[in-house]
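Read in order, the letters of the sequence shown are residues 1 to 439 in UniProt numbering.
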Amino acid sequence: MFVTMKSLALIAAALMAPALAAPAAIPITKLAGPAKENSYIIKLKDGVSKNSHVARLLEFIGSQDSKVVYKASYENVFNGYAGVLKGPILDYIRRSADVEYIQADTIYQIEYEQGDESLAAREVQDESSHLAGRAANGGGVDIYSLDTGVQTTHTAFGGRATWGATFGGHANRDGNGHGTHTAGTAAGSGFGLATASNIIAVKICSDAGQCPSSDIIAGVNFAVSRAASSGRPSVVNMSVGGPGDFAIDSAVSSAISRGLHFSIAAGNENQNAANVSPARVPAANTVGAVDSFNRKADFSNYGAPLDVWALGVNVRSAWIGSNSAVNTISGQDNATVANLVSYHLMNESVNMYNVVSSNISRPVSTFLTDPKLVNLGPGNGQVQMVRRSLDGGSIMFRRADGNSTVQSTSQYQNNLVLHMIDAPIPPPGDLQQTLGKNL
Numbered sequence: 001m002f003v004t005m006k007s008l009a010l011i012a013a014a015l016m017a018p019a020l021a022a023p024a025a026i027p028i029t030k031l032a033g034p035a036k037e038n039s040y041i042i043k044l045k046d047g048v049s050k051n052s053h054v055a056r057l058l059e060f061i062g063s064q065d066s067k068v069v070y071k072a073s074y075e076n077v078f079n080g081y082a083g084v085l086k087g088p089i090l091d092y093i094r095r096s097a098d099v100e101y102i103q104a105d106t107i108y109q110i111e112y113e114q115g116d117e118s119l120a121a122r123e124v125q126d127e128s129s130h131l132a133g134r135a136a137n138g139g140g141v142d143i144y145s146l147d148t149g150v151q152t153t154h155t156a157f158g159g160r161a162t163w164g165a166t167f168g169g170h171a172n173r174d175g176n177g178h179g180t181h182t183a184g185t186a187a188g189s190g191f192g193l194a195t196a197s198n199i200i201a202v203k204i205c206s207d208a209g210q211c212p213s214s215d216i217i218a219g220v221n222f223a224v225s226r227a228a229s230s231g232r233p234s235v236v237n238m239s240v241g242g243p244g245d246f247a248i249d250s251a252v253s254s255a256i257s258r259g260l261h262f263s264i265a266a267g268n269e270n271q272n273a274a275n276v277s278p279a280r281v282p283a284a285n286t287v288g289a290v291d292s293f294n295r296k297a298d299f300s301n302y303g304a305p306l307d308v309w310a311l312g313v314n315v316r317s318a319w320i321g322s323n324s325a326v327n328t329i330s331g332q333d334n335a336t337v338a339n340l341v342s343y344h345l346m347n348e349s350v351n352m353y354n355v356v357s358s359n360i361s362r363p364v365s366t367f368l369t370d371p372k373l374v375n376l377g378p379g380n381g382q383v384q385m386v387r388r389s390l391d392g393g394s395i396m397f398r399r400a401d402g403n404s405t406v407q408s409t410s411q412y413q414n415n416l417v418l419h420m421i422d423a424p425i426p427p428p429g430d431l432q433q434t435l436g437k438n439l
């Protein structure tokens with residue numbers, strides 16, 4: 001058979017084509033809502049050396065008209081980083097065998113609304129005897145406030161608040177107020193229970209309340225690093241999140257596995273928290289909001305991920321503007337649980353990792369006045385309003401104790417722990433029967 005040189009060339013090209021074909025580009029995950037332009041979170045595969053990966057990027061950049069702005073490294077929570085990427089360098093990363101996934105840098109929003117000062121004042125008056133006689137609690141525990149910042153000079157913190165870190169290029173201040181308010185609810189004198197805990201401000205949101213996922217993860221990464229260095233029991237208080245964000249979920253789950261305790265707001269969209277990150281993280285303390293009559297707040301998310309309900313309507317706490325400023329807002333609830341977790345960490349040497357429920361004097365069913373609270377499915381009749389436990393009752397914690405999991409029940413009266421009882425955690429059905437009927 002006569003074969004021309006041209007035919008040989010075509011055959012050779014056909015044989016080489018599979019070997020030379022570029023790998024398929026990894027799709028970029030884009031979530032609902034706005035995203036930072038050209039900003040991405042890169043998750044590397046487990047076992048991939050980030051230093052080697054970056055070295056290859058730099059080598060590629062040297063041969064291309066490309067630029068990359070390396071924003072943050074996440075070595076304490078997962079193997080990955082964030083960067084501002086576009087053009088050939090983004091295409092190179094999408095085709096890199098090092099990469100597990102790429103996610104657009106979604107921007108989330110801190111949301112709250114002005115509350116009713118008269119209702120808040122009445123509630124504070126009702127509890128004034130407890131607040132006045134409350135001993136300092138939570139000593140030796142750090143509460144990381146991942147929010148808009150904290151006015152560290154506010155008198156409610158008595159010198160216990162310090163600035164930890166800022167992400168996103170913002171000034172080291174709280175120009176919004178939300179971060180100071182939640183910090184006050186958690187550990188502010190006259191507002192919170194953990195009045196001996198340290199508050200560490202980690203600014204992950206702008207003064208307008210915008211919080212990119214890259215900065216949220218950077219804040220979690222910082223808290224893990226600082227907690228490891230300090231060796232102190234640590235609680236992370238977060239009120240931000242949005243539609244299922246795998247990168248944020250991964251960071252929070254990793255931080256919890258390293259010993260940090262997360263108190264996370266369920267969210268304010270009146271939807272199932274199973275769709276919301278990081279509220280849906282199983283090991284986090286996910287908190288729904290109720291009003292002063294123990295009714296579900298109309299804005300609060302709900303669903304199986306919720307662990308506990310706490311006051312989230314007309315909450316009075318510290319504010320910005322002066323060192324004695326206060327404000328009443330609605331839309332956040334997790335700080336109440338953060339101060340209780342902080343208190344327990346001070347009193348227990350075990351690795352407590354999840355608030356299960358609050359059980360108070362009346363049956364659970366008498367507080368589930370909103371139909372949504374009764375018919376949310378497994379897990380949602382097991383929880384109660386935390387704030388009421390300060391008047392007497394109990395808070396149950398799920399915790400790791402060696403290789404087994406136990407339930408610790410702390411009896412409260414006048415804000416003091418009377419005694420603690422440990423028992424194996426019962427199946428969900430048994431737990432519901434323990435807390436009340438018709439759940």
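A virtual CB, placed ideally from N, CA and C, is assigned to each residue, including glycine.
C-beta contact flag for Asp174 and Thr180 at 8 Å: yes
Opening and closing residue of the beta strand (DSSP E) in which Arg295 lies: No beta strand (DSSP E) holds Arg295; DSSP gives it neither H nor E.
Excluding the five sequence neighbours on either side, which residues of its own chain have a C-beta within less than 7 Å of the C-beta of Ala273, listed in chain order? Ala266, Gly267, Ala279, Arg280, Thr286, Asn301, Tyr302, Gly303, Pro305 and Leu306
Rounded to whole angstroms, what's the CA-CA distance from Gly47 to Phe78? Just pull it up for me. 11 Å
Three or more C-beta pairs below 8 Å linking the segment 201-208 and the segment 157-171: yes
Cα-Cα, which of Phe299, Ala284, Tyr92 and Pro282 is closest to Val290? Phe299
Pull up the CB-CB distance for His170 and Asp147, whole angstroms please, since I reckon it's below 8 Å. Actually they are not in contact, since the Cβ atoms of His170 and Asp147 sit about 12 Å apart, beyond 8 Å.
Do you know offhand how far Gln432's Cα is from Arg295's? Unreliable positioning characterises Gln432 in this predicted model, as indicated by a pLDDT of 31, which lies under 50. The coordinate reading is nonetheless provided below. If I take the Cα positions, the gap works out to 19 Å.
Do you know offhand how far Trp319's Cα is from Val313's? 16 Å
To the nearest angstrom, how far is the alpha carbon of Asp370 from that of Ala255? Annotation note: pLDDT 33 at Asp370 (below 50); position unreliable, coordinate value reported separately. Computed Cα separation, rounded: 34 Å.
Please report the straight-line C-alpha distance between Tyr108 and Gln271, rounded to a whole angstrom. 16 Å
Near Asp249, which residues of its chain fall below 8 Å by C-beta distance, leaving aside the five closest residues on each side in sequence? Ser277, Pro278, Arg280 and Val281
Based on the DSSP output, what are the partners of Thr166 in its beta bridges? Lys203
What number of angstroms, rounded off, separates the C-alpha of Val308 from the C-alpha of Leu57? 46 Å
In whole angstroms, what is the alpha-carbon distance linking Glu37 and Ser257? 32 Å
Are the CB atoms of Gly80 and Leu31 within a distance shorter than 8 Å? no
Under 6 Å Cβ to Cβ from Asn176, same chain only, skipping five residues before and after it: list those, please. Thr148, Asp207 and Gly209
Could you tell me whether the segment 185-198 touches the segment 139-146, using the rule of 3 or more Cβ pairs below 8 Å? yes
Nearest-angstrom Cα separation, counted from Gly288 out to Ser239: 11 Å
Would a C-beta distance cut-off of 8 Å place Tyr74 and Ile217 closer than the cut-off? yes
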